[in-house]
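Each residue of the sequence shown is one higher than the last, beginning at 179 in our numbering. Down below is the structure, laid out as structure tokens.
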Amino acid sequence: MGALHSYAATVRWTGAGQTGTTTYTAYSRDHDVELAGRPTLPGTADPAFRGDPARYSPEELFVASLSQCHMLWFLHLASAAGIVVREYTDEVTGTMRVESAGAGQFTDVTLHPHVVVDDGPQVSDQAVAEVHRRAHDHCFLARSVNFPVLLEPAPLRTHAA
């Protein structure tokens, strides 16, 4: 068995107001996500479920976390392959289906990474595509979900060294 890593956070509901959950519309979905030693992250429900659009929803953070995981693996594996990455941006999207009874699940997340790398002999569309494939295979989060995490990278751009 490999190394085990543990993660902890405190999620604190701040939206009770004067009436608490007396009715579905009586309370705020606002909450704080606290991680030791870091700024508090203001959370809420998706606006479709009475959340505050100025705060982060768990669905948005979930989709973003899949992108972050892929990016961090990509940067690591690119470095190991001698590919110098200068820019990385991902315009990630996710689709969630909500059923008539209110339960639901994500059906897919699609990563759309835009990468700029230094030109060089080891750099090719194929080499960068292989790094993306390996990053996808290594991403802890993509390996943990029960829906497809799709990868649609933008055409490779090179930066003149």
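All C-beta atoms, glycine included, are put in the ideal place defined by N, C-alpha and C.
Residue i burial status per 10 Å Cβ neighbour count (16 or more: buried)
| i | result |
| --- | --- |
| residue 239 | exposed |
| residue 244 | buried |
| residue 218 | exposed |
| residue 183 | exposed |
| residue 179 | exposed |
| residue 235 | buried |
| residue 337 | exposed |
| residue 315 | exposed |
Span of the beta strand (DSSP E), counted from its first residue to its last, around residue i
| i | result |
| --- | --- |
| residue 328 | 327–329 |
| residue 337 | 335–337 |
| residue 188 | 188–191 |
Check whether residue i and residue j have beta carbons under 8 Å apart
| i | j | result |
| --- | --- | --- |
| residue 327 | residue 276 | no |
| residue 212 | residue 188 | yes |
| residue 290 | residue 270 | yes |
| residue 208 | residue 222 | yes |
| residue 202 | residue 194 | no |
| residue 247 | residue 320 | yes |
| residue 285 | residue 252 | no |
| residue 272 | residue 323 | no |
Segments of 3+ residues assigned as beta strand (DSSP E) that fall wholly inside the region 256–308: 263–268, 271–276, 282–289, 291–296
Contained beta strand (DSSP E) runs [length at least 3] in the region 204–229, N- to C-terminal order: 209–212, 219–221
Three or more C-beta pairs below 8 Å linking the region 293–305 and the region 225–240: no
Validate contact between the region 297–307 and the region 254–269 using beta carbons, cut 8 Å, 3 pairs: yes
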